[in-house]
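Peer 1: Per this note's numbering, the very first residue in the sequence shown carries number 1; after that it's consecutive. Each residue gets a CB set at the ideal place from its N, CA and C atoms; glycine is no exception. Would you mind keeping the following structure in view while I ask a few things?
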Amino acid sequence: MDPRGRVLIANRQAVDLLGTQLEEGQPFLDRLSSDWAPLTDAVRRFLENPRLDGTAELEVEGRRLTLQLASLGPEVRGVVMALNDVTDVSRAERVLAWGEMARQVAHEIKNPLTPMRLGMQHLRRVYRERRGEFDRTLEETAERILGEIDRLDTIARAFSRFAAPADLRQPLDRIDLGTTVGEVVQLYRLAEEGCEVRLEVAAGATGAARADEVKEVVVNLLENARNAGATLVRVSVGPALIRVADDGAGIPADLLPRVFEPRFSTTTSGSGLGLAIVRRLVDSWGGRVEVASESERGTLVTVRLPS
Numbered sequence: 001m002d003p004r005g006r007v008l009i010a011n012r013q014a015v016d017l018l019g020t021q022l023e024e025g026q027p028f029l030d031r032l033s034s035d036w037a038p039l040t041d042a043v044r045r046f047l048e049n050p051r052l053d054g055t056a057e058l059e060v061e062g063r064r065l066t067l068q069l070a071s072l073g074p075e076v077r078g079v080v081m082a083l084n085d086v087t088d089v090s091r092a093e094r095v096l097a098w099g100e101m102a103r104q105v106a107h108e109i110k111n112p113l114t115p116m117r118l119g120m121q122h123l124r125r126v127y128r129e130r131r132g133e134f135d136r137t138l139e140e141t142a143e144r145i146l147g148e149i150d151r152l153d154t155i156a157r158a159f160s161r162f163a164a165p166a167d168l169r170q171p172l173d174r175i176d177l178g179t180t181v182g183e184v185v186q187l188y189r190l191a192e193e194g195c196e197v198r199l200e201v202a203a204g205a206t207g208a209a210r211a212d213e214v215k216e217v218v219v220n221l222l223e224n225a226r227n228a229g230a231t232l233v234r235v236s237v238g239p240a241l242i243r244v245a246d247d248g249a250g251i252p253a254d255l256l257p258r259v260f261e262p263r264f265s266t267t268t269s270g271s272g273l274g275l276a277i278v279r280r281l282v283d284s285w286g287g288r289v290e291v292a293s294e295s296e297r298g299t300l301v302t303v304r305l306p307s
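See the structure below:
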């Protein structure tokens, strides 16, 4: 397309995918239905500023699409748009992910059951033998069992939250990111010891999202930082932007491409679903999540919201 969004050339696959005629010399963005708003918004932003990142993942009419935009030459004589329907690939990946998750959930649920069983057997034995310290044994055993029950509850809640379908029918609101994110940061400042959380708010820090989900995203990111051993977390918000940077353990380069995979592991974040949940929520807004990290040096997570 030219800099004004008029078609220069288009193949048959593009016509079929977009469901509209792509006639040479004619604009096409306005012909697309409102369902294609994530695409039209991304293209218009890129036409206005070709230095922006031209890659995105979109969900339109139940299909998963990848978008790539590139300018034609340094003087921007036009823009090339490439769309790829990866719905079937995404579906296959989800099936594999659910299978792996089911295996991990079964393993994580089994782990607390062993100490619970041993604790109850010990308690019954002490009771039958009428030992003098039964009250103390009862208190200690009950405390351990309650701890394991809390652990099971954490796993169940995380799994339920990830499995719940995003309510795409709920409209997005114009969110004051400074206020919304600030409420979460303040709670962590009051509760956390040994980890300093700083907040920077730029002018015009608003974005399209759902306030309660923004809070959930920030909670998950701060929990990840805390569990990574961070002593300093910097949270910054700007126009349609949230960044969380920590000085924790970081993520090895070979694991970075897999950070959004749902994985249950109590050795990391307690459920392993933090970033998977973050991505689901941000995707439901039409936004994007980016992760940059270096082992032993910390992690930076950037959330880009619709403007």
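1. Which word fits residue 141, buried or exposed, when buried means at least 16 other C-beta atoms lie within 10 angstroms of its C-beta?
2. Looking at the structure shown, is residue 72 part of a helix, part of a strand, or coil, going by DSSP?
3. Where does residue 216 fall in DSSP's three states?
4. From residue 265 to residue 10, what does the alpha carbon distance come to, in whole angstroms?
5. With 16 other CB atoms within 10 Å as the buried threshold, where does residue 183 fall?
6. Which of the three DSSP states is assigned to residue 34 in this structure?
7. Taking the Cβ atom as the reference point for each residue, do residue 155 and residue 109 lie within a distance shorter than 8 Å?
8. Rank 213, 185, 1, 251 by C-alpha distance to the C-alpha of residue 222 and give the top, closest one.
9. According to DSSP, is residue 148 part of a helix, a strand, or is it coil?
10. According to DSSP, residue 297 sits in a beta bridge with which residue or residues?
11. Just to confirm my understanding: we take residue 41, look at its own chain, exclude 5 residues before and 5 after, and list those with CB closer than 6 Å. What are they?
12. Given a cut-off of 8 Å on the beta-carbon distance, is the pair residue 259 and residue 291 in contact?
13. Use the C-beta contact count for residue 269: other C-beta atoms within 10 angstroms, 16 or more gives buried, fewer gives exposed.
14. Going along the chain, which residues of its own chain have a beta-carbon closer than 8 Å to the beta-carbon of residue 37, five neighbours each way excluded?
15. List the endpoints of the continuous alpha helix (DSSP H) containing residue 280.
16. Could you tell me the boundaries of the beta strand (DSSP E) in which residue 199 lies?
17. To the nearest angstrom, how far is the alpha carbon of residue 19 from that of residue 62?
18. Pick out the complete alpha helix (DSSP H) segments inside the segment 208 to 262, 4 residues or longer, and give them in chain order.
Peer 2: To lay it out plainly:
1. Numbered from 1 along the sequence shown, position 141 holds the residue referred to as residue 141. Classification of residue 141: buried, given that the 10 Å Cβ count is 16 or more.
2. Indexing the sequence shown from 1 puts residue 72 at position 72. Here residue 72 sits in coil by DSSP.
3. On the sequence shown, residue 216 is found 216 positions in, with the first residue counted as 1. Residue 216: helix per DSSP, three-state reduction.
4. Taking the sequence shown and counting its residues from 1, one reaches residue 265 at position 265. Taking the sequence shown and counting its residues from 1, one reaches residue 10 at position 10. Unreliable placement is indicated for residue 265, whose pLDDT of 44 sits below 50; the coordinate value is still reported in the next sentence. If you take the alpha carbons of residue 265 and residue 10, they lie about 47 Å apart.
5. For the purposes of this step, residue 183 is identified with residue 183 of the sequence shown, where counting begins at 1. It counts as exposed.
6. As a working mapping, residue 34 is identified with position 34 in the sequence shown. Note: residue 34 maps to helix in three-state DSSP.
7. Counted from its first residue, the sequence shown places residue 155 at position 155. Counted from its first residue, the sequence shown places residue 109 at position 109. Taking 8 Å as the Cβ cut-off, residue 155 and residue 109 qualify as a contacting pair.
8. As a working mapping, residue 222 is identified with position 222 in the sequence shown. Nearest of 213, 185, 1, 251 to residue 222, Cα basis: 185.
9. In the sequence shown, the residue the question calls residue 148 occupies position 148. Residue 148: helix per DSSP, three-state reduction.
10. As a first step, residue 297 must be located in the sequence shown, where it is residue number 297. According to DSSP, residue 297 bridges with nothing at all.
11. Within the sequence shown, numbered from 1, the residue matching residue 41 stands at position 41. For residue 41, where only same-chain residues beyond five positions count, there are no Cβ hits under 6 Å.
12. Residue numbering aside, residue 259 sits at position 259 when the sequence shown is read from its first letter. Residue numbering aside, residue 291 sits at position 291 when the sequence shown is read from its first letter. Cβ atoms of residue 259 and residue 291: closer than 8 Å.
13. Start at 1 with the first residue of the sequence shown, and residue 269 comes out as number 269. Any reading at residue 269 must be qualified, since the residue scores a pLDDT of 44, below 50, and its modelled position is unreliable; the value itself is stated next. Per the 10 Å Cβ criterion, buried.
14. Here the question's residue 37 lines up with position 37 in the sequence shown. Around residue 37: 286.
15. If you number the sequence shown from 1, residue 280 lands on position 280. Unbroken alpha helix (DSSP H) run through residue 280: 274 to 285.
16. Translated into positions along the sequence shown, residue 199 becomes position 199. Element bounds for residue 199: 196 to 201.
17. Your numbering for residue 19 matches position 19 in the sequence shown. Your numbering for residue 62 matches position 62 in the sequence shown. Taking the straight line from one Cα to the other gives about 14 Å.
18. 211 to 227
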